[in-house]
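J.: Per this note's numbering, the sequence shown starts with residue 4, numbered consecutively.
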Amino acid sequence: MNTPTITEATIRLQVDRFYGKVRKDTQLAPIFNGAIGTDEAEWQPHLQRMYDFWSSIMLGSRKYRGNPMKKHQDLPAFDAALFDRWLALFEETARELHTPKIAERYIAKSKVIAESLKYGLYFRPADSIAG
Ligand code: HEM
């Protein structure tokens with residue numbers, strides 16, 4: 004593909020291919036399939052939300068309305084190291100589909116959001132107050 008602009012269509016490519024990899028990943032698939040299901044029909048609402056989410060992030064479209072922090076806090080606890088796996092697959096996908104410059108923009112955004120989610124999920128104020 005490698006189109007030089009970001010469009011709703013190329014965002015869909017990123018989201019579809021990325022979650023295609025997630026659904027086959029031995030570490031990530033159980034968490035996603037547990038929360039969403041395994042059928043195509045069960046995945047459609049999640050994919051639609053993710054198109055809107057990435058459209059809001061990359062194009063400023065404001066299509067996404069939701070609370071990702073709360074959604075992730077409500078999941079059964081999972082290892083923080085899985086964020087590295089998530090980011091690696093997202094980065095790999097971005098580099099496959101977009102120009103290097105656009106891929107870098109996706110990757111940079113994904114890292115910032117992952118940091119903020121990790122902060123919300125794993126940071127405990129008590130950890131920093133030596134007891
Ligand atoms: C290991 C890391 C991650 C895991 C295991 C994970 C897992 C999940 C799961 C299972 C859902 C579906 C929840 C549901 O519908 O009940 C979800 C939703 C979502 N995730 Fe993640 N996620 C991870 C990292 C990220 C990152 C890094 C981002 C953003 C860059 C992200 C953005 C979102 C968004 C926007 C939603 C939709 C929330 C909504 O329903 O409004 N996630 N995630």
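Note that beta-carbon positions come from the ideal geometry of N, C-alpha and C, so glycine has one too.
State yes or no: is the C-beta of G69 nearer than 7 Å to some heavy atom of the ligand HEM?
T.: yes
J.: I'd like to confirm something about R127: is its beta-carbon nearer than 7 Å to some heavy atom of the ligand HEM, or not?
T.: no
J.: Which residues in the same chain have their Cβ closer than 7 Å to the Cβ of K21, if we skip the five residues on either side of it in sequence?
T.: Rather than Lys, the amino acid found at residue 21 in this sequence is Phe. Here the set comprises L92, F93, T96.
J.: Touching or not, the segment 81-89 and the segment 39-58, by the rule of three or more beta carbon pairs under 8 Å?
T.: no
J.: My output table needs one value for F126: the three-state DSSP class, helix, strand or coil.
T.: coil
J.: Which two residues bound the contiguous alpha helix (DSSP H) that contains G37?
T.: 32-39
J.: I think K112 touches I60, with their Cβ atoms under 8 Å apart; what is that distance to the nearest whole Å?
T.: 5 Å
J.: Can you tell me whether L92 sits near the ligand HEM, meaning its C-beta is under 7 Å from at least one heavy atom of the ligand?
T.: no
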